[in-house]
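Chains A and B supply the protein sequences, listed in that same order. Heads up: the first sequence begins at 17 in our numbering, then just goes up one per residue. Heads up: the second sequence begins at 23 in our numbering, then just goes up one per residue. The structure appears below as structure tokens.
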Amino acid sequence: MDRKPAFRKLRCYALDPFLSLQVDTLDIHVIEYTLGWEDLEPGPVGEYIEIIDYDPTSGTYYKPVNLNDHCILVENGLDPSESNPQFHQQMVYAVCMKTIKNFERSLGRKLLWADRKLKNGDEVFVQRLRIYPHALRDSNAYYSPHKKSILFGYFQATSRQPQKLMPRSLVFSCLSHDIVAHELTHAIIDGLFKNYNYPTNPDVLAFHEAFSDIVALFQHFTFPEVLGHQIAKTQGKLDKQNMLGELAIQFGSAIGGHGSLRSAIGEIVDGKWIPAVPNALDYAKTKEPHARGSILVAAIFDAFLIIYKQRVVDLLRLASGGTGILPQGEIHPDLVNRLSKEASKAAQHILNMCIRALDYCPALDITFGDFLRAIITSDVDLVKNDSRDYRVAFIEAFKKRGIFPNNLKTLSVESLTWPRLGIKCSEEKEDCIVKQSEAQDDKLEMDDYTGKVIKHLIEFFKGYGNTLKFISSRNEIHKHTKKFLRDNAPLIEELLIQIISEDKDHEMAFGFGTITGLMFLPDNKILKEMGLDKTARGKKVINLPKFWIEDLHLISRVGPDGNLINHVVLTLTQTIGVRVIEGKPTGSFIPEKDEVANNEGFEFMASSTLIFDLDKETLKYAINKPLLDLEHLKKTGEFKKNQKRIDQQFRYQYAVPDQEHNEFNAYFGRNTNNRFQEPFSIIHNH
Amino acid sequence: MAEPKVTNALIRMYRMGTGDCFAIKFRSGRKVMLKMLIDAGVARSGDFIEDHIRDIHDWFDGTIDVFAITHEHNDHVSAIQKCKELFRDDFEIKKIWFAWTENNDDPMAKEWKDIMGKKKKALKFASDQLKHFVEEKFDDANANNFNVSKLKESTLSFSESLEEFSQLHGVTGTDSELEGMKFLKEEIADNNIEYYEPGDIVEIDGVEGLRFYILGPPRDLNAIKKEKGKKEDEAYEHNKELDQDDFLSFAMRDDLEMEDDDLPFDDKFVDKDKLQSLFYEHDEHKWRNIDYDWLQSAGQLAMRLTKGINNLSLVMAMEFEETGKVMLFPGDAEIGSWESWHRIKWEEKGLPKDFTKDLLKRTAFYKVAHHLSHNGTAKQDGLELMTNDKLVAMATLSYQNISSRWKGTMPNRAILKELITRTQGRLIVTSMKELFYDPEDTIALRGKVDATRQVFKKNNKFFFKDFKNIKDEDKDPTEALYYEFMLRD
Numbered sequence: 017m018d019r020k021p022a023f024r025k026l027r028c029y030a031l032d033p034f035l036s037l038q039v040d041t042l043d044i045h046v047i048e049y050t051l052g053w054e055d056l057e058p059g060p061v062g063e064y065i066e067i068i069d070y071d072p073t074s075g076t077y078y079k080p081v082n083l084n085d086h087c088i089l090v091e092n093g094l095d096p097s098e099s100n101p102q103f104h105q106q107m108v109y110a111v112c113m114k115t116i117k118n119f120e121r122s123l124g125r126k127l128l129w130a131d132r133k134l135k136n137g138d139e140v141f142v143q144r145l146r147i148y149p150h151a152l153r154d155s156n157a158y159y160s161p162h163k164k165s166i167l168f169g170y171f172q173a174t175s176r177q178p179q180k181l182m183p184r185s186l187v188f189s190c191l192s193h194d195i196v197a198h199e200l201t202h203a204i205i206d207g208l209f210k211n212y213n214y215p216t217n218p219d220v221l222a223f224h225e226a227f228s229d230i231v232a233l234f235q236h237f238t239f240p241e242v243l244g245h246q247i248a249k250t251q252g253k254l255d256k257q258n259m260l261g262e263l264a265i266q267f268g269s270a271i272g273g274h275g276s277l278r279s280a281i282g283e284i285v286d287g288k289w290i291p292a293v294p295n296a297l298d299y300a301k302t303k304e305p306h307a308r309g310s311i312l313v314a315a316i317f318d319a320f321l322i323i324y325k326q327r328v329v330d331l332l333r334l335a336s337g338g339t340g341i342l343p344q345g346e347i348h349p350d351l352v353n354r355l356s357k358e359a360s361k362a363a364q365h366i367l368n369m370c371i372r373a374l375d376y377c378p379a380l381d382i383t384f385g386d387f388l389r390a391i392i393t394s395d396v397d398l399v400k401n402d403s404r405d406y407r408v409a410f411i412e413a414f415k416k417r418g419i420f421p422n423n424l425k426t427l428s429v430e431s432l433t434w435p436r437l438g439i440k441c442s443e444e445k446e447d448c449i450v451k452q453s454e455a456q457d458d459k460l461e462m463d464d465y466t467g468k469v470i471k472h473l474i475e476f477f478k479g480y481g482n483t484l485k486f487i488s489s490r491n492e493i494h495k496h497t498k499k500f501l502r503d504n505a506p507l508i509e510e511l512l513i514q515i516i517s518e519d520k521d522h523e524m525a526f527g528f529g530t531i532t533g534l535m536f537l538p539d540n541k542i543l544k545e546m547g548l549d550k551t552a553r554g555k556k557v558i559n560l561p562k563f564w565i566e567d568l569h570l571i572s573r574v575g576p577d578g579n580l581i582n583h584v585v586l587t588l589t590q591t592i593g594v595r596v597i598e599g600k601p602t603g604s605f606i607p608e609k610d611e612v613a614n615n616e617g618f619e620f621m622a623s624s625t626l627i628f629d630l631d632k633e634t635l636k637y638a639i640n641k642p643l644l645d646l647e648h649l650k651k652t653g654e655f656k657k658n659q660k661r662i663d664q665q666f667r668y669q670y671a672v673p674d675q676e677h678n679e680f681n682a683y684f685g686r687n688t689n690n691r692f693q694e695p696f697s698i699i700h701n702h
Numbered sequence: 023m024a025e026p027k028v029t030n031a032l033i034r035m036y037r038m039g040t041g042d043c044f045a046i047k048f049r050s051g052r053k054v055m056l057k058m059l060i061d062a063g064v065a066r067s068g069d070f071i072e073d074h075i076r077d078i079h080d081w082f083d084g085t086i087d088v089f090a091i092t093h094e095h096n097d098h099v100s101a102i103q104k105c106k107e108l109f110r111d112d113f114e115i116k117k118i119w120f121a122w123t124e125n126n127d128d129p130m131a132k133e134w135k136d137i138m139g140k141k142k143k144a145l146k147f148a149s150d151q152l153k154h155f156v157e158e159k160f161d162d163a164n165a166n167n168f169n170v171s172k173l174k175e176s177t178l179s180f181s182e183s184l185e186e187f188s189q190l191h192g193v194t195g196t197d198s199e200l201e202g203m204k205f206l207k208e209e210i211a212d213n214n215i216e217y218y219e220p221g222d223i224v225e226i227d228g229v230e231g232l233r234f235y236i237l238g239p240p241r242d243l244n245a246i247k248k249e250k251g252k253k254e255d256e257a258y259e260h261n262k263e264l265d266q267d268d269f270l271s272f273a274m275r276d277d278l279e280m281e282d283d284d285l286p287f288d289d290k291f292v293d294k295d296k297l298q299s300l301f302y303e304h305d306e307h308k309w310r311n312i313d314y315d316w317l318q319s320a321g322q323l324a325m326r327l328t329k330g331i332n333n334l335s336l337v338m339a340m341e342f343e344e345t346g347k348v349m350l351f352p353g354d355a356e357i358g359s360w361e362s363w364h365r366i367k368w369e370e371k372g373l374p375k376d377f378t379k380d381l382l383k384r385t386a387f388y389k390v391a392h393h394l395s396h397n398g399t400a401k402q403d404g405l406e407l408m409t410n411d412k413l414v415a416m417a418t419l420s421y422q423n424i425s426s427r428w429k430g431t432m433p434n435r436a437i438l439k440e441l442i443t444r445t446q447g448r449l450i451v452t453s454m455k456e457l458f459y460d461p462e463d464t465i466a467l468r469g470k471v472d473a474t475r476q477v478f479k480k481n482n483k484f485f486f487k488d489f490k491n492i493k494d495e496d497k498d499p500t501e502a503l504y505y506e507f508m509l510r511d
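Printed below as a string of structure tokens:
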């Protein structure tokens with residue numbers, strides 16, 4: 017056959033089989049996933065994932081499904097069935113691919129899983145995520161960053177309503193759309209930001225959890241079939257949007273521990289959804305990752321409701337003869353149809369906005385406030401005209417829960433957008449012409465040396481962007497990026513060294529330091545004064561805290577008005593070791609070299625994510641988690657460690673664990689600054 | 023002529039480490055009427071335990087009128103195992119008290135024992151397997167991984183935690199009963215065991231003016247299973263109950279072949295040829311193997327099992343008829359048990375309905391449950407009801423002798439704070455060394471307690487006098503084997 021089919025259709029449960037027993041008279045039991053075609057080996061094993069159905073609790077292999085089998089193909093997959101493990105494999109495959117594609121479409125690039133780090137320090141490409149649908153006898157399911165695998169559990173459950181569920185019947189977490197999407201999102205985020213499973217403040221793990229839940233929830237909402245039934249049921253009371261909140265919680269209720277993230281959305285009392293009343297102290301008061309994560313989920317859900325309301329207000333007027341009040345009784349099926357399509361569309365938009373925002377998030381130490389700024393910035397970048405006030409909806413929802421970004425004086429679309437640098441290099445001259453963004457008050461003075469660095473960086477990345485534009489294989493992308501870095505990182509380092517050595521007056525250390533928040537001043541005396549003498553390390557002549565290129569990727573996406581975005585994103589990371597002396601984070605050590613016990617010191621990381629616009633040849637944004645105290649630097653020109661961030665990390669990692677909530681961690685986990693346990697297993701064990 | 027009434031008591035907390043051992047002399051004036059020993063154990067057995075037991079022997083002149091064991095955890099019975107001969111040959115033990123849950127003739131207790139036994143074995147199996155994996159297989163599977171040593175350390179630490187939990191419950195060979203417990207029942211007891219259940223009121227022949235009210239363990243299974251007061255809005259109860267573990271426990275056993283019933287799917291779906299194993303077990307892919315990961319679910323099992331057994335603690339409130347004072351010895355009872363005390367039908371015994379509240383209100387001596395952990399002392403149903411302004415509390419916690427992993431939950435700072443406030447500093451702890459009062463670990467507990475005692479100097483006068491070892495506080499346990507407090511008339 018010359019032509020491969022464009023799609024593969026697979027039947028799956030619309031709701032968890034368990035849940036469909038709970039939601040009364042649900043007529044949508046099964047929906048069809050339409051996925052892009054790919055050749056599959058039995059397993060299924062495809063381009064992105066390999067499903068191996070090995071059950072270690074009994075040492076059993078279950079036969080792998082061959083989705084390319086003719087009989088299975090003509091019927092759009094196996095019949096949904098709880099008792100057939102091959103259907104389980106099919107469902108996991110379908111949900112994973114749907115989630116992956118949602119990410120790729122929004123991000124405008126191929127997804128790569130987190131690299132595997134070998135003994136010798138090499139980071140190697142992981143072609144496929146490994147998935148074990150029946151790996152645990154537990155109500156748990158988790159992504160293991162060490163094994164690049166997802167482990168799903170199954171367990172016996174007793175229902176609170178025995179008439180609805182056979183006692184001691186088995187519940188399989190891999191048959192829940194929300195659990196599969198949630199765990200897969202953990203894996204995807206790990207591929208994008210490997211430092212997000214290193215908690216440096218209370219938001220980091222909470223973000224991992226919340227984001228995974230957001231993807232699961234809104235992806236579920238993109239199926240109009242699922243919504244239609246509920247919408248029809250609500251009859252005349254559409255304005256309250258009860259059904260959406262109800263559904264969100266019901267989806268959550270079926271997924272056990274994972275469902276606790278939905279708690280901030282509200283609760284169902286006597287079959288009715290009572291939204292939780294947001295409180296401006298929520299964010300400040302709640303520390304436990306799930307509870308904290310639930311605040312973010314609720315904020316996004318709130319934004320979704322605002323947006324949905326705006327989208328359907330005209331429909332309601334049309335259907336009610338202009339009054340907006342629908343008559344009692346059944347709603348017209350056409351209206352049900354239109355409303356569910358609008359809800360599904362709004363969900364897709366929310367999902368896109370949240371996923372796109374990832375490209376504007378800092379590389380480590382993320383806070384919810386950073387995420388809000390990332391959402392706004394990415395949306396401003398791509399969608400010029402916010403005709404439906406999506407951004408305001410987001411800001412409003414965050415504000416209600418007390419989530420405010422640090423260091424902001426006002427809360428508006430303008431102030432929330434990351435400061436636009438707009439540093440552009442002119443063709444003729446060696447140095448740069450600096451264009452200030454309208455929103456930025458403080459003038460950025462660009463010295464020649466910094467200009468040179470940026471100019472060269474842009475040139476390097478133009479080459480990278482041009483090569484990568486024409487590559488679509490994930491393996492090749494990885495190979496080229498690594499090769500590019502291997503070839504160019506020494507050049508960049510040499511260039512930096514050269515410029516630094518020419519730069520007698522430390523202009524570049526100041527200029528580039530102000531942009532990135534990183535330390536590029538190899539002056540032993542100053543380093544010593546900063547308490548960084550012990551962290552100084554580096555090749556050749558320069559003595560600097562270790563820095564490296566953490567990540568490099570190309571983004572290209574198209575906005576709704578047809579505007580094209582071509583960005584190269586470079587993340588620089590710098591690290592120092594902070595030693596704890598007499599209960600205060602004041603000393604220093606060399607990470608990976610000095611042996612320091614967990615309770616005596618921690619690694620402190622800083623990063624700068626530089627976003628280059630390839631078309632305009634400008635450095636557009638720098639999204640920083642600075643090593644330097646930037647305000648002090650700008651005001652006085654003096655270099656100082658960012659003690660505020662160091663203290664924050666110290667306070668978080670060394671605080672007595674929340675005894676009420678994380679007893680499991682107290683017994684079985686270790687300090688928060690430990691990268692070697694299964695972070696997502698522990699967090700779900702709760 | 024009737025015997026004189028019991029009016030006061032000397033209470034000795036033996037300082038073996040984190041673990042309970044209380045010797046009490048109930049007296050009438052200076053005349054000893056009853057000698058009672060409650061528990062004898064420590065979390066990590068030190069060798070010097072024998073000194074403590076010998077000291078009890080001397081103080082009691084070799085006679086224990088009542089030996090009460092609250093529950094079957096090593097930190098409450100390990101001394102019996104350690105000093106078997108001493109207990110069997112040198113002591114005369116007149117009566118042994120257990121909770122109803124130890125009574126093999128009680129069908130409900132038997133059912134519990136069976137379930138618990140299975141779980142203990144499962145836990146032991148998981149702990150052994152994980153240890154085996156870390157020791158024998160880990161290096162091979164992770165040969166080419168970055169930073170294997172740290173990865174290993176982390177897995178090892180988990181396996182050690184599990185082992186400690188398993189040891190707390192103790193399983194040797196096919197036996198699921200703790201050795202000390204078994205020895206007490208089989209070698210020491212001589213038809214003199216008595217079992218008690220909530221609502222029982224015990225008076226001892228020849229001892230006037232002293233009454234024991236048994237508050238726990240509850241007869242209601244749900245109360246035993248309850249871990250903490252938490253709102254449930256999930257559709258089903260997933261794995262939070264003890265018997266939910268059966269499915270897991272079934273898989274974790276080495277003595278039985280897996281039966282078809284234990285598999286989640288029909289046999290026809292099983293790939294007997296294990297074709298995928300070529301891929302799964304290939305050297306290249308070994309780092310992704312998950313043969314042992316599922317055993318980590320035993321962590322939850324361990325915690326639930328521990329809580330379950332804590333809630334099986336024999337809870338005794340001892341009332342002095344003359345003074346109305348009450349001493350409360352709750353063992354390691356957790357929240358589910360505390361709540362159940364208030365449901366005891368006292369009115370059937372001719373007592374007021376909320377008699378439990380009354381007992382708590384009159385409590386003048388409180389043995390802090392579960393070594394100051396957060397779930398050891400109920401707030402609303404417990405501590406907040408203890409309003410006696412002369413309340414004295416003793417807690418068995420010592421960082422010199424404790425499983426390192428317990429340090430995360432003991433002491434709970436909120437409970438510590440509440441106790442110190444309520445007792446005006448009259449809190450006695452096995453050892454306050456290395457303990458802190460505040461969550462930030464800046465205020466030493468020792469200093470805080472001393473300062474509080476001074477603030478309420480006037481009211482604490484009796485305490486300075488009746489706490490015999492106030493000058494010995496925090497001395498090495500070998501120099502001060504016990505702390506003694508006298509509860510006066």
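Beta carbons are placed, not taken as given, at the ideal position from N, Cα and C, and that holds for glycine.
- Put simply, the CB of Asp305 of chain B is far from chain A, with every gap to its CB atoms at 8 Å or more.
- His193 of chain A is positioned such that its CB atom lies no closer than 8 Å to that of Val313 of chain A.
- For the options A:Arg573, A:Asn579, A:Ile606, A:Ala622, the alpha carbon positioned closest to that of Thr589 of chain A is the one of A:Ala622.
- Cβ atoms of Gly41 of chain B and Thr418 of chain B come within 8 Å of each other, at about 6 Å.
- Annotation for Lys415 of chain A: Leu427 place their beta carbon closer than 7 Å to its own, counting only its chain and skipping 5 residues before and after.
- DSSP, read as helix, strand or coil, puts Ala45 of chain B in strand.
- Distance from the Cα of Lys114 of chain A is smallest, within the candidate group A:Asn100, A:Arg24, A:Asp69, A:Ser97, for A:Arg24.
- For Asp629 of chain A, the enclosing beta strand (DSSP E) has its first and last residue at 617-629.
- Segment contact: the region 37-54 of chain B against the region 471-486 of chain B, fewer than three CB-CB distances shorter than 8 Å; contact not assigned.
- Annotation for Gly321 of chain B: the continuous alpha helix (DSSP H) segment containing it runs 320-332.
- Cα atoms of Met524 of chain A and Ile513 of chain A: separation of roughly 11 Å, rounded to the nearest angstrom.
- Each residue's CA atom was taken as its position, placing Ile311 of chain A and Tyr299 of chain A some 7 Å apart.
- Contact with chain B is absent for Tyr406 of chain A, since none of that chain's Cβ atoms lies less than 8 Å from the residue's Cβ.
- If you check the CB distance, Pro161 of chain A and Asp206 of chain A come in under 8 Å.
- Residues of chain B whose Cβ lies closer than 7 Å to the Cβ of Gln664 of chain A do not exist; the shortest such Cβ separation is about 15 Å.
- Taken in chain order, no unbroken stretch of beta strand (DSSP E) lies wholly in the region 322-355 of chain A with a span of 3 residues or more.
- For Trp360 of chain B, no CB of chain A lies under 8 Å from its own CB, so it is not counted at the interface with that chain.
- Taking all protein chains in view, the Cβ of Cys87 of chain A is surrounded by fewer than 16 other Cβ atoms within 10 Å, so the residue is classified as exposed.
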